[in-house]
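Each remark here refers to the structure printed beneath this line.
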Amino acid sequence: MSEHAPQHWVGDWSARRAALSPDRVGLVDATTGREFTYADLDRRANRCARLLAEYGVTRNDGDEDAGGRVAVVSRNRPEFVDLFFATGKTGGVLAPLSHRLAPPETAELLDDVGPSLVVVEAPFAEDVSQALAATELDCPVLSLPSEDESAEVNWRAYDEALPDDGTAYDGPALAPSDPHIFLHTGGSTGTPKETVLSHEGIVWNATNTITAWGLRDDDLTPLTFPMFHTGGWNVLTVPFFHMGGTLAIARSFDPGEVLSLIEERSASVLVAVPAVLRMMAEHDRWDDTNLSSLRFVKSGGGPCRESVLSSWWDRGVDLSQGYGLTECGPNNFAMPDDWSEDKADTVGVPAMHVDVRIVDDDGRALDRGEIGELELRSPHAATEYWHRPEETDATFGDDGWLATGDLAKIDADGYVSIEGRKKNMYVSGGENVFPPEVEDAVSNHPKVSDAVVVPIDDEQWGQVGRAVVVGDESLSLDELIDFLDGRLARFKRPRDLVFVDELPRSGPDKIDRSAVVEEFGS
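Under my numbering, the first residue of the sequence shown carries the number 3, and numbering increases by one thereafter.
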């Protein structure tokens, strides 16, 4: 625990926002149509805090491994928000787990988190039961209801367990460095690792987002990310709660429903992964939807193809790319006022309280225009990987710089371009090839919907690229190479072409590149 003097503002987001704007709607549940003011959300959070306290989900002053954490397996719903606010009040830790994982994977994470309480939405009860049976945990489980009445649950209902008292909750004094959220991310061995986010880091990310993106208290956004992901909390949810905006959630993503929500609720901000933005632009309602309320849209979670950018620009929407990761932010960059579309392939310039540098393999800073590993330094960085000292040391340097594992460069104007994962770069004939650049060019072919480029062995050049493509299978390799002439250097052009019905995905609609490499690479 930190030796900082305790401060009572830490974590009590709902009470502070309710004091400032009690009657303002903070949350819309689009699935049920219910609306919650900030006063409503604070009362709900106080009831939830008392529930968590009963189960020991509170600040730990002794053994860090002894309880204090609530694991949640659920889709986006109001109770998830209650648990976020309530853990802030009690000093407990919120540990969302992906409902997309298989039981053995969930069991691994549960063992790692060591929760003193598990909250499960009904549709995932069977999988979580199997996962719990594979662990040595002996902790209570509460169930959240489902619109699907066929889901059978034997645990106590969350609503029945909630105390009635929604008055102010007098929680412990917390330090800014105390943990608030565990978010799992990929591990080098394939086992997800829990990233520890402190109260201070969460506040700083919200501050960076508000100041760099210009969020306002009258903004409304539909949430397209799941709440087990950093996108579900730190991209817009917490910054919106900080600012006093309105968040709209739903149990599942449907492009047509989001388009309707934008028009009906006059949504002003949207952030989504490229696949979601593409699905919206290809939807039947796209041309007829009024998008004029959108002040800006941001793409994150991977490179956004030029065709997707253009489809939104053609509708008069300010769409740009962002960059972040669970370990830092994730809102690290922003586009300056009146930015030029010539910079659309970049993620912008650093946010207000983010330092950026590009380094070589020896950790030496590189000049502008040179490609190297992107390192970030900011008070919004996470503190560690839970129970992973070696991986913590490798990522979270003792000098304050965080190693992202991504290759990038900074141009003469200070804009940062992401060139791909360091481990995904390959060498062809002595030249470095960065797959995202090739994929973007390949995806601009009218017969290609999406593409991943992986290296394969070649006797002459060492390695060459293989394009794994979703699209019109009448496209030949020669036709593709002719299309790329003048767009890509010869050594970057793929030398092999395969088609798939769809690309494997992980997380919130992100392409699972490792799965593509495993199947099609060499």
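Glycine included, every Cβ here is placed at the ideal spot set by N, Cα and C. Being a predicted model, the structure only gives us computed values, none of them experimental.
The beta strand (DSSP E) with residue i in it runs from where to where?
| i | result |
| --- | --- |
| D395 | Per DSSP, D395 belongs to no beta strand (DSSP E); it is in the alpha helix (DSSP H), 391-397. |
| S451 | 450-460 |
| P332 | Per DSSP, P332 belongs to no beta strand (DSSP E) and is neither H nor E. |
| F38 | 36-39 |
| F501 | 498-501 |
| G473 | 464-473 |
| V143 | 143-146 |
How is residue i classed by DSSP in three states: helix, strand or coil?
| i | result |
| --- | --- |
| A20 | helix |
| V361 | strand |
| I204 | helix |
| T191 | Per-residue confidence for T191 stands at a pLDDT of 46, beneath the threshold of 50, marking its modelled position as unreliable; the derived number appears in the next sentence. Of the three classes helix, strand and coil, the one that applies to T191 here is coil, per DSSP. |
| V349 | coil |
| I373 | coil |
| T226 | coil |
| R492 | helix |
| A517 | helix |
| V271 | strand |
| A104 | coil |
| A170 | coil |
| D85 | Asp is not the amino acid found at residue 85; the sequence shown has Leu there. It is helical. |
| M3 | Confidence in M3 is poor, its pLDDT being 43 and thus under 50, which makes the residue's placement too unreliable to answer from. |
| P165 | coil |
| D14 | coil |
| V356 | coil |
| S131 | helix |
| F126 | helix |
| D44 | helix |
Which residues does DSSP pair with residue i in a beta bridge?
| i | result |
| --- | --- |
| A73 | A97, V120 |
| Q9 | L176 |
| T197 | L185, Y387 |
| Q323 | S301 |
| I420 | A410 |
| A250 | V30, P224 |
| Y428 | V435 |
| T60 | G93 |
| S508 | K512 |
| A159 | S145 |
| A405 | E377 |
| A367 | V361 |
Since residue i is in the alpha helix (DSSP H), which residue starts that stretch and which ends it?
| i | result |
| --- | --- |
| A277 | 276-283 |
| V444 | 437-445 |
| L139 | First-last for L139: undefined, no H or E at that position. |
| L482 | 479-486 |
| S342 | Segment: none, S342 is in no alpha helix (DSSP H) and carries neither H nor E. |
| V240 | 239-245 |
| L311 | 308-315 |
At a Cβ threshold of 9 Å, is residue i touching chain D?
| i | result |
| --- | --- |
| E520 | Judged by its chain identifiers, the structure shown contains no chain D, having just a single protein chain. |
Throw me the rounded Cβ distance for the residue i and residue j pair, which I believe falls under 8 Å.
| i | j | result |
| --- | --- | --- |
| V198 | T60 | Going by Cβ atoms, the distance from V198 to T60 rounds to 17 Å, so no, they are not a contact pair. |
| V450 | V502 | In fact, because the Cβ distance is near 12 Å, the residues do not count as touching under 8 Å. |
| F485 | V500 | Incorrect: roughly 17 Å between the Cβ atoms, too far for contact. |
| L505 | V454 | 6 Å |
| T248 | L217 | Wrong, their Cβ atoms sit about 11 Å apart, outside the cutoff. |
| G302 | G233 | 7 Å |
| G90 | D14 | 6 Å |
| V440 | G467 | 6 Å |
| P80 | D44 | Between D44 and P80 the Cβ distance is about 13 Å, and since that is not below 8 Å, they are no contact. |
| E229 | N333 | The displayed chain sequence assigns Met, not Glu, to residue 229. At roughly 17 Å, the Cβ-Cβ gap does not stay under 8 Å, so M229 and N333 are not in contact. |
| I513 | G304 | 7 Å |
Work out the CA separation of residue j and residue i for me, nearest whole Å.
| i | j | result |
| --- | --- | --- |
| N207 | D320 | 22 Å |
| S190 | A274 | For S190, the predicted model reports a pLDDT of 43, less than 50, meaning its position is unreliable; a value from the coordinates is still stated below. Answer to the nearest angstrom: the Cα atoms are 26 Å apart. |
| G203 | R71 | 18 Å |
| P437 | R46 | 47 Å |
| F87 | S268 | 26 Å |
| H101 | S322 | 30 Å |
| W341 | L368 | 25 Å |
| H285 | P257 | 7 Å |
| E138 | Y160 | 23 Å |
| P105 | V12 | 35 Å |
| S76 | L185 | 14 Å |
| G374 | R287 | 42 Å |
| L22 | S254 | 31 Å |
| D129 | L144 | 15 Å |
| A170 | L99 | 29 Å |
| V27 | G371 | 46 Å |
| H201 | V310 | 36 Å |
Does the distance between the C-beta of residue i and the nearest non-hydrogen atom of the ligand NAP fall short of 8 Å?
| i | result |
| --- | --- |
| S23 | With respect to the ligand NAP, the structure shown offers nothing to examine, as it has no ligands at all. |
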